[in-house]
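Visitor:
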Amino acid sequence: MKIQGNSYRDGLAIEISFSEGIIDSISETQNLLEQDLILGPGFTDIQVNGYGGIDYNEIQSDPMNLAEISRLLYKEGVTTHFPTIITNDPEQISQLILQIVSLRKSDEFSRMSIEGLHIEGPFISPIDGPRGAHPKEFVRAPDWSLVQKWQNESKGLIKMITLSPEWENTVPFIERCIDHGILVSIGHTNATHQQILDAVNAGASLSTHLGNGAHPILARHPNYIWSQLSQDELGASIIADGFHLPAEVIQVFQKVKKENLMLVSDSVSLSGMPAGDYTLHIGGEVTLTPEGKLHLKSNPSILAGSASNIRSGVSFLIKNKLAALTEAWEMASVRPEKLVNPGHRLFKEGSIADLILCRKDENGELEVLKTIKHGREVFSA
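The sequence shown begins at 1 in full-length UniProt numbering and counts up one residue at a time.
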(Lines of atoms letter the chains of each structure in order from A and count residues from 1; the text may use other names and numbers.)
(Lines give C-alpha, C1' and ligand atoms only; values in the text may rest on other atoms or scores of the structure.)
Protein backbone atom coordinates (compact mmCIF):
# COMPACT_ATOMS: atom_id res chain seq x y z
CA MET A 1 0.00 0.00 0.00
CA LYS A 2 1.04 3.59 -0.56
CA ILE A 3 0.00 7.01 0.73
CA GLN A 4 1.08 10.47 -0.35
CA GLY A 5 1.09 13.82 1.42
CA ASN A 6 3.30 16.70 2.47
CA SER A 7 5.58 15.68 5.32
CA TYR A 8 4.68 17.18 8.68
CA ARG A 9 8.41 17.70 9.23
CA ASP A 10 9.44 19.85 6.29
CA GLY A 11 6.46 20.14 3.93
CA LEU A 12 8.09 18.09 1.18
CA ALA A 13 5.75 16.01 -0.98
CA ILE A 14 6.42 12.39 -0.05
CA GLU A 15 5.16 8.90 -0.73
CA ILE A 16 5.19 6.21 1.95
CA SER A 17 4.90 2.57 0.96
CA PHE A 18 4.24 -0.11 3.54
CA SER A 19 3.49 -3.81 3.75
CA GLU A 20 2.70 -6.24 6.56
CA GLY A 21 2.26 -3.29 8.91
CA ILE A 22 5.78 -1.91 8.39
CA ILE A 23 6.98 1.13 6.45
CA ASP A 24 9.12 -0.06 3.53
CA SER A 25 10.14 3.32 2.14
CA ILE A 26 9.65 7.07 2.50
CA SER A 27 10.58 8.95 -0.66
CA GLU A 28 10.01 12.31 -2.29
CA THR A 29 7.42 12.39 -5.06
CA GLN A 30 7.14 14.67 -8.06
CA ASN A 31 3.36 14.45 -8.01
CA LEU A 32 1.63 17.77 -7.42
CA LEU A 33 -0.17 17.60 -4.08
CA GLU A 34 -2.50 20.04 -2.41
CA GLN A 35 -0.42 22.16 -0.04
CA ASP A 36 -2.82 21.71 2.85
CA LEU A 37 -2.50 17.89 2.87
CA ILE A 38 -0.19 16.92 5.73
CA LEU A 39 1.11 13.39 6.32
CA GLY A 40 2.61 12.33 9.63
CA PRO A 41 2.72 9.72 12.38
CA GLY A 42 -0.47 8.79 14.20
CA PHE A 43 -1.18 10.36 17.58
CA THR A 44 -0.51 8.52 20.85
CA ASP A 45 -2.73 9.54 23.79
CA ILE A 46 -1.59 8.03 27.09
CA GLN A 47 -4.52 9.42 29.10
CA VAL A 48 -8.03 8.59 27.91
CA ASN A 49 -10.73 8.16 30.56
CA GLY A 50 -13.50 7.87 28.00
CA TYR A 51 -14.91 9.33 24.80
CA GLY A 52 -18.16 9.76 22.90
CA GLY A 53 -20.41 9.17 25.90
CA ILE A 54 -18.58 5.96 26.89
CA ASP A 55 -16.46 5.65 30.04
CA TYR A 56 -13.61 3.23 30.76
CA ASN A 57 -14.33 3.89 34.45
CA GLU A 58 -17.84 2.44 34.39
CA ILE A 59 -18.77 -1.22 34.46
CA GLN A 60 -20.49 -2.06 31.17
CA SER A 61 -23.33 -4.51 30.66
CA ASP A 62 -21.25 -5.70 27.70
CA PRO A 63 -17.50 -4.86 27.45
CA MET A 64 -17.95 -4.53 23.69
CA ASN A 65 -19.73 -1.22 24.37
CA LEU A 66 -16.22 0.17 24.90
CA ALA A 67 -15.16 -0.76 21.36
CA GLU A 68 -16.65 2.45 19.99
CA ILE A 69 -13.97 4.51 21.77
CA SER A 70 -11.15 3.19 19.58
CA ARG A 71 -13.19 3.76 16.44
CA LEU A 72 -14.04 7.33 17.41
CA LEU A 73 -10.41 8.05 18.28
CA TYR A 74 -9.23 6.69 14.93
CA LYS A 75 -11.38 9.43 13.36
CA GLU A 76 -9.35 11.95 15.37
CA GLY A 77 -6.01 10.48 14.26
CA VAL A 78 -5.30 8.66 17.52
CA THR A 79 -3.66 5.40 16.51
CA THR A 80 -2.61 4.39 20.04
CA HIS A 81 -4.26 5.19 23.34
CA PHE A 82 -4.05 4.13 26.97
CA PRO A 83 -7.39 3.65 28.74
CA THR A 84 -6.97 5.46 32.04
CA ILE A 85 -8.53 4.05 35.19
CA ILE A 86 -8.74 6.51 38.06
CA THR A 87 -8.96 6.13 41.83
CA ASN A 88 -11.61 3.63 42.89
CA ASP A 89 -12.24 0.67 45.16
CA PRO A 90 -9.51 -1.92 44.42
CA GLU A 91 -12.02 -4.58 43.39
CA GLN A 92 -13.81 -2.11 41.14
CA ILE A 93 -10.46 -1.34 39.48
CA SER A 94 -10.01 -5.08 38.94
CA GLN A 95 -13.40 -5.29 37.22
CA LEU A 96 -12.59 -2.29 35.02
CA ILE A 97 -9.29 -3.90 34.03
CA LEU A 98 -10.92 -7.23 33.26
CA GLN A 99 -13.50 -5.70 30.93
CA ILE A 100 -10.72 -4.00 28.93
CA VAL A 101 -8.91 -7.35 28.70
CA SER A 102 -12.16 -8.90 27.46
CA LEU A 103 -12.63 -6.04 24.99
CA ARG A 104 -9.15 -6.49 23.48
CA LYS A 105 -9.71 -10.23 23.21
CA SER A 106 -12.95 -9.77 21.27
CA ASP A 107 -12.36 -6.65 19.18
CA GLU A 108 -9.40 -6.34 16.81
CA PHE A 109 -9.70 -2.56 16.37
CA SER A 110 -9.50 -2.07 20.13
CA ARG A 111 -6.65 -4.57 20.46
CA MET A 112 -4.61 -2.64 17.89
CA SER A 113 -5.34 0.76 19.45
CA ILE A 114 -5.01 -0.13 23.15
CA GLU A 115 -1.31 -0.80 23.71
CA GLY A 116 -1.27 -0.17 27.45
CA LEU A 117 -3.22 0.80 30.55
CA HIS A 118 -2.67 3.89 32.67
CA ILE A 119 -3.65 3.61 36.34
CA GLU A 120 -4.12 7.15 37.68
CA GLY A 121 -4.42 6.62 41.41
CA PRO A 122 -5.44 5.47 43.94
CA PHE A 123 -1.94 6.26 45.24
CA ILE A 124 -2.39 10.04 45.02
CA SER A 125 -2.74 12.91 47.48
CA PRO A 126 -5.81 12.80 49.75
CA ILE A 127 -5.71 16.60 50.01
CA ASP A 128 -8.48 18.71 48.48
CA GLY A 129 -7.15 20.45 45.39
CA PRO A 130 -4.34 18.10 44.38
CA ARG A 131 -6.77 15.17 44.58
CA GLY A 132 -8.97 16.78 41.92
CA ALA A 133 -12.17 14.85 41.19
CA HIS A 134 -10.78 11.54 42.46
CA PRO A 135 -13.01 10.13 45.27
CA LYS A 136 -11.27 10.66 48.60
CA GLU A 137 -12.60 7.48 50.22
CA PHE A 138 -10.54 5.29 47.89
CA VAL A 139 -7.22 7.17 48.06
CA ARG A 140 -4.53 5.05 49.69
CA ALA A 141 -0.80 4.57 50.12
CA PRO A 142 1.14 2.75 47.38
CA ASP A 143 0.61 -1.01 47.63
CA TRP A 144 2.78 -3.25 45.46
CA SER A 145 0.66 -6.34 46.14
CA LEU A 146 -2.35 -4.55 44.62
CA VAL A 147 -0.38 -3.57 41.52
CA GLN A 148 0.82 -7.16 41.13
CA LYS A 149 -2.78 -8.34 41.32
CA TRP A 150 -3.94 -5.78 38.75
CA GLN A 151 -1.01 -6.53 36.47
CA ASN A 152 -1.80 -10.25 36.54
CA GLU A 153 -5.45 -9.50 35.75
CA SER A 154 -4.43 -7.18 32.91
CA LYS A 155 -2.06 -9.82 31.49
CA GLY A 156 0.82 -7.35 31.68
CA LEU A 157 -1.04 -4.46 30.07
CA ILE A 158 -0.37 -1.87 32.81
CA LYS A 159 2.34 0.37 31.36
CA MET A 160 1.93 3.52 33.47
CA ILE A 161 0.96 4.57 37.00
CA THR A 162 0.35 8.12 38.22
CA LEU A 163 1.01 8.61 41.93
CA SER A 164 1.97 11.18 44.53
CA PRO A 165 5.37 10.66 46.20
CA GLU A 166 4.14 12.14 49.48
CA TRP A 167 3.48 8.66 50.90
CA GLU A 168 6.10 7.14 53.20
CA ASN A 169 6.82 3.98 51.18
CA THR A 170 6.88 5.60 47.74
CA VAL A 171 10.58 5.10 46.88
CA PRO A 172 10.69 1.28 47.09
CA PHE A 173 7.29 1.17 45.36
CA ILE A 174 8.58 3.23 42.42
CA GLU A 175 11.70 1.07 42.18
CA ARG A 176 9.56 -2.06 41.95
CA CYS A 177 7.39 -0.51 39.25
CA ILE A 178 10.46 0.41 37.20
CA ASP A 179 11.93 -3.08 37.66
CA HIS A 180 8.71 -4.51 36.25
CA GLY A 181 8.57 -2.19 33.24
CA ILE A 182 5.89 0.20 34.53
CA LEU A 183 6.46 3.90 33.90
CA VAL A 184 5.86 6.05 36.99
CA SER A 185 4.48 9.57 36.67
CA ILE A 186 4.01 12.18 39.38
CA GLY A 187 0.56 13.73 39.55
CA HIS A 188 -2.23 14.82 41.88
CA THR A 189 0.49 15.52 44.40
CA ASN A 190 1.12 17.58 47.52
CA ALA A 191 4.69 16.30 47.82
CA THR A 192 7.59 18.32 49.19
CA HIS A 193 10.60 19.20 47.08
CA GLN A 194 12.67 16.44 48.69
CA GLN A 195 9.95 13.86 48.15
CA ILE A 196 9.84 14.76 44.46
CA LEU A 197 13.65 14.53 44.23
CA ASP A 198 13.53 11.11 45.89
CA ALA A 199 10.85 9.95 43.44
CA VAL A 200 12.92 11.08 40.45
CA ASN A 201 16.03 9.36 41.84
CA ALA A 202 13.94 6.18 42.24
CA GLY A 203 12.97 6.32 38.56
CA ALA A 204 9.85 8.51 38.14
CA SER A 205 10.13 10.00 34.65
CA LEU A 206 7.01 12.09 33.96
CA SER A 207 4.63 14.65 35.43
CA THR A 208 0.96 13.93 34.70
CA HIS A 209 -0.99 16.95 33.30
CA LEU A 210 1.47 19.36 34.93
CA GLY A 211 -0.23 22.47 36.31
CA ASN A 212 -3.53 20.70 36.91
CA GLY A 213 -4.64 18.47 39.76
CA ALA A 214 -3.28 21.16 42.10
CA HIS A 215 -4.33 23.71 44.71
CA PRO A 216 -6.11 26.75 43.24
CA ILE A 217 -3.63 28.93 45.18
CA LEU A 218 -0.05 27.85 45.85
CA ALA A 219 2.78 29.25 47.93
CA ARG A 220 5.03 31.46 45.82
CA HIS A 221 7.90 29.07 46.59
CA PRO A 222 8.61 26.34 47.31
CA ASN A 223 5.82 24.39 45.64
CA TYR A 224 5.45 21.10 43.79
CA ILE A 225 5.12 22.68 40.33
CA TRP A 226 8.49 24.45 40.63
CA SER A 227 10.00 21.23 41.96
CA GLN A 228 8.80 19.19 38.98
CA LEU A 229 9.88 21.86 36.50
CA SER A 230 13.37 21.86 38.01
CA GLN A 231 14.04 18.18 37.31
CA ASP A 232 15.50 17.53 33.85
CA GLU A 233 14.78 13.81 34.25
CA LEU A 234 11.04 14.51 34.41
CA GLY A 235 9.14 14.92 31.17
CA ALA A 236 5.69 16.47 31.42
CA SER A 237 2.30 15.99 29.83
CA ILE A 238 -0.12 18.88 29.45
CA ILE A 239 -3.75 19.39 28.44
CA ALA A 240 -3.86 22.02 25.68
CA ASP A 241 -7.54 22.88 25.36
CA GLY A 242 -7.52 26.56 26.28
CA PHE A 243 -9.14 25.90 29.65
CA HIS A 244 -6.74 23.82 31.72
CA LEU A 245 -3.63 25.98 31.21
CA PRO A 246 -3.19 29.61 30.12
CA ALA A 247 -1.11 30.09 26.99
CA GLU A 248 1.74 31.77 28.89
CA VAL A 249 2.03 28.76 31.22
CA ILE A 250 2.33 26.44 28.23
CA GLN A 251 5.06 28.74 26.86
CA VAL A 252 7.03 28.49 30.11
CA PHE A 253 6.64 24.71 30.26
CA GLN A 254 7.93 24.51 26.68
CA LYS A 255 11.01 26.57 27.47
CA VAL A 256 11.85 24.36 30.46
CA LYS A 257 10.87 20.87 29.30
CA LYS A 258 11.65 21.35 25.59
CA GLU A 259 11.49 18.00 23.72
CA ASN A 260 10.25 16.29 26.90
CA LEU A 261 6.91 18.14 26.85
CA MET A 262 3.99 16.20 25.37
CA LEU A 263 0.23 16.35 24.97
CA VAL A 264 -2.52 14.26 26.52
CA SER A 265 -6.25 14.75 26.18
CA ASP A 266 -7.27 13.43 29.64
CA SER A 267 -10.63 13.12 27.92
CA VAL A 268 -13.68 12.11 29.92
CA SER A 269 -16.73 10.38 28.49
CA LEU A 270 -18.32 13.67 27.37
CA SER A 271 -15.51 14.34 24.89
CA GLY A 272 -16.93 14.37 21.39
CA MET A 273 -20.46 14.95 22.68
CA PRO A 274 -22.82 17.89 21.89
CA ALA A 275 -22.93 20.89 24.18
CA GLY A 276 -25.46 20.68 27.01
CA ASP A 277 -26.06 19.69 30.62
CA TYR A 278 -25.08 16.18 31.71
CA THR A 279 -24.80 14.04 34.83
CA LEU A 280 -21.52 12.21 35.41
CA HIS A 281 -20.96 9.38 37.88
CA ILE A 282 -17.87 11.36 38.95
CA GLY A 283 -18.52 15.09 39.02
CA GLY A 284 -22.32 15.05 39.20
CA GLU A 285 -24.20 17.81 37.36
CA VAL A 286 -21.96 19.34 34.71
CA THR A 287 -22.23 21.62 31.69
CA LEU A 288 -20.40 21.26 28.37
CA THR A 289 -20.25 24.61 26.58
CA PRO A 290 -20.26 25.05 22.78
CA GLU A 291 -16.61 26.13 23.09
CA GLY A 292 -15.73 22.77 24.66
CA LYS A 293 -15.34 23.80 28.30
CA LEU A 294 -16.65 21.22 30.77
CA HIS A 295 -17.49 22.68 34.18
CA LEU A 296 -19.64 22.04 37.22
CA LYS A 297 -23.15 23.20 36.45
CA SER A 298 -23.27 25.03 39.78
CA ASN A 299 -19.91 26.77 39.30
CA PRO A 300 -18.58 27.61 35.81
CA SER A 301 -15.15 28.42 37.27
CA ILE A 302 -14.54 24.80 38.35
CA LEU A 303 -13.57 22.41 35.56
CA ALA A 304 -15.16 18.96 35.53
CA GLY A 305 -12.56 17.33 33.32
CA SER A 306 -11.38 17.59 29.74
CA ALA A 307 -13.85 17.34 26.87
CA SER A 308 -11.12 17.61 24.27
CA ASN A 309 -9.06 15.19 22.19
CA ILE A 310 -5.40 15.18 21.28
CA ARG A 311 -5.97 16.30 17.68
CA SER A 312 -7.71 19.45 18.88
CA GLY A 313 -4.80 19.95 21.31
CA VAL A 314 -2.38 19.96 18.37
CA SER A 315 -4.64 22.41 16.54
CA PHE A 316 -4.84 24.65 19.62
CA LEU A 317 -1.05 24.94 19.81
CA ILE A 318 -0.77 25.73 16.10
CA LYS A 319 -3.65 28.23 15.97
CA ASN A 320 -2.37 30.14 19.00
CA LYS A 321 1.24 30.11 17.73
CA LEU A 322 2.38 28.21 20.80
CA ALA A 323 4.19 25.68 18.61
CA ALA A 324 5.00 25.17 14.95
CA LEU A 325 3.19 22.32 13.22
CA THR A 326 6.14 19.92 13.45
CA GLU A 327 6.63 20.42 17.19
CA ALA A 328 2.91 20.33 18.00
CA TRP A 329 2.52 17.11 15.99
CA GLU A 330 5.48 15.45 17.71
CA MET A 331 4.15 16.45 21.13
CA ALA A 332 1.16 14.24 20.35
CA SER A 333 2.94 11.39 18.57
CA VAL A 334 6.69 10.80 18.57
CA ARG A 335 7.30 12.04 22.13
CA PRO A 336 4.66 10.05 24.04
CA GLU A 337 5.32 6.97 21.90
CA LYS A 338 9.05 7.15 22.66
CA LEU A 339 8.26 7.50 26.37
CA VAL A 340 5.97 4.50 26.71
CA ASN A 341 7.49 2.32 23.98
CA PRO A 342 11.22 3.14 23.84
CA GLY A 343 11.78 0.48 21.18
CA HIS A 344 9.12 1.85 18.85
CA ARG A 345 10.05 4.25 16.07
CA LEU A 346 7.54 6.33 14.18
CA PHE A 347 7.63 7.71 10.64
CA LYS A 348 10.85 5.98 9.61
CA GLU A 349 11.67 3.16 7.23
CA GLY A 350 11.32 -0.09 9.14
CA SER A 351 8.94 1.40 11.69
CA ILE A 352 5.32 0.45 12.34
CA ALA A 353 2.98 2.01 9.77
CA ASP A 354 0.88 4.17 12.10
CA LEU A 355 0.06 7.15 9.89
CA ILE A 356 -2.49 9.92 9.48
CA LEU A 357 -3.28 12.21 6.58
CA CYS A 358 -4.74 15.58 7.58
CA ARG A 359 -5.96 18.74 5.94
CA LYS A 360 -4.82 21.95 7.63
CA ASP A 361 -6.87 25.09 7.17
CA GLU A 362 -5.52 28.65 7.18
CA ASN A 363 -6.08 28.90 10.95
CA GLY A 364 -4.09 25.78 11.74
CA GLU A 365 -7.09 23.54 12.45
CA LEU A 366 -6.41 19.92 11.50
CA GLU A 367 -9.03 17.69 9.92
CA VAL A 368 -8.18 13.98 9.76
CA LEU A 369 -8.81 12.48 6.32
CA LYS A 370 -7.27 9.04 6.72
CA THR A 371 -5.91 6.94 9.59
CA ILE A 372 -3.67 3.90 9.10
CA LYS A 373 -2.91 1.58 12.01
CA HIS A 374 -0.34 -1.20 11.63
CA GLY A 375 -0.60 -0.73 7.87
CA ARG A 376 -4.41 -1.05 7.81
CA GLU A 377 -6.78 1.72 6.92
CA VAL A 378 -8.98 2.11 10.00
CA PHE A 379 -10.63 5.41 9.07
CA SER A 380 -11.23 7.35 5.87
CA ALA A 381 -13.22 10.53 5.46
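Glycine residues also receive a C-beta, built at the ideal position from the N, C-alpha and C atoms.
Bear in mind the structure is a predicted one, so any value in this text is a computation, not a measurement.
Would you say the region 72 to 80 touches the region 37 to 44, given that touching needs at least three Cβ pairs under 8 Å?
Guide: yes
Visitor: So within the region 188 to 268, which uninterrupted beta strand (DSSP E) runs reach at least 3 residues, ignoring any that extend past its ends?
Guide: 235 to 238 and 261 to 263
Visitor: Within its chain, find whatever has a CB closer than 8 Å to the CB of H221; leave out the 5 residues flanking it on each side and keep chain order.
Guide: none
Visitor: Nearest to D62 by CA position, among L98, L32 and S94, is which residue?
Guide: L98
Visitor: When the Cα atoms are used, what is the spatial distance from L206 to G235?
Guide: One C-alpha to the other measures close to 5 Å.
Visitor: Let me know the secondary structure DSSP gives Q35 once reduced to three states.
Guide: coil
Visitor: Taking just the CA atoms, how far does K338 sit from E327?
Guide: 15 Å
Visitor: Note down, in chain order, each residue of its chain lying with its Cβ closer than 6 Å to the Cβ of L317, except the 5 sequence neighbours on either side.
Guide: A240, A323 and A328
Visitor: By DSSP's criteria, M112 is part of a beta bridge. Which residues make up the other side?
Guide: BP columns for M112 are empty, so no partner.
Visitor: In three-state terms, what does DSSP make of D179?
Guide: helix
Visitor: Skipping 5 residues on each side, what residues in its chain have a beta carbon closer than 7 Å to that of L103?
Guide: P63, M64, L66, A67 and S110
Visitor: Which partner residues does L163 have in the DSSP bridge list?
Guide: I186
Visitor: Buried or exposed for I16, please, with buried defined as at least 16 other CB atoms from any protein chain shown within 10 angstroms of its CB.
Guide: Buried, since its Cβ has 16 or more Cβ neighbours within 10 Å.
Visitor: According to DSSP, what are the bridge partners of Q4?
Guide: E15
Visitor: Mapping the DSSP letters down to three states, classify N65 as helix, strand or coil.
Guide: helix
Visitor: Determine the DSSP secondary structure at F316, reduced to helix, strand or coil.
Guide: DSSP places F316 in helix when its eight states are reduced to three.
Visitor: Looking at the structure shown, is Y56 part of a helix, part of a strand, or coil, going by DSSP?
Guide: coil
Visitor: Please state the DSSP three-state secondary structure of E285.
Guide: strand
Visitor: Return the chain-ordered list of same chain residues with a C-beta closer than 6 Å to the C-beta of A307, the five sequence neighbours on each side being excluded.
Guide: L270, S271, L288, G292 and L294
Visitor: From the DSSP output, read off the bridge partner residues of T84.
Guide: H118
Visitor: Please report the distance separating the alpha-carbon of A247 from that of S237.
Guide: 15 Å
Visitor: Can you tell which of W144, H118 and Q231 has its C-alpha closest to the C-alpha of R176?
Guide: Of the candidates W144, H118 and Q231, W144 places its Cα closest to the Cα of R176.
Visitor: Which residues share a DSSP beta bridge with E377?
Guide: Answer by DSSP bridge pairing, in chain order: I372.
Visitor: Rounded to whole angstroms, what's the CA-CA distance from V252 to S351? Just pull it up for me.
Guide: 33 Å
Visitor: Report the rounded CA-to-CA distance for G129 versus D354, giving the unit in angstroms.
Guide: Inter-residue distance for G129 and D354 is about 38 Å (C-alpha atoms, whole angstroms).
Visitor: Less than 6 Å between C-beta atoms, sequence neighbours within five positions excluded: which residues of the same chain meet that for E115?
Guide: T80
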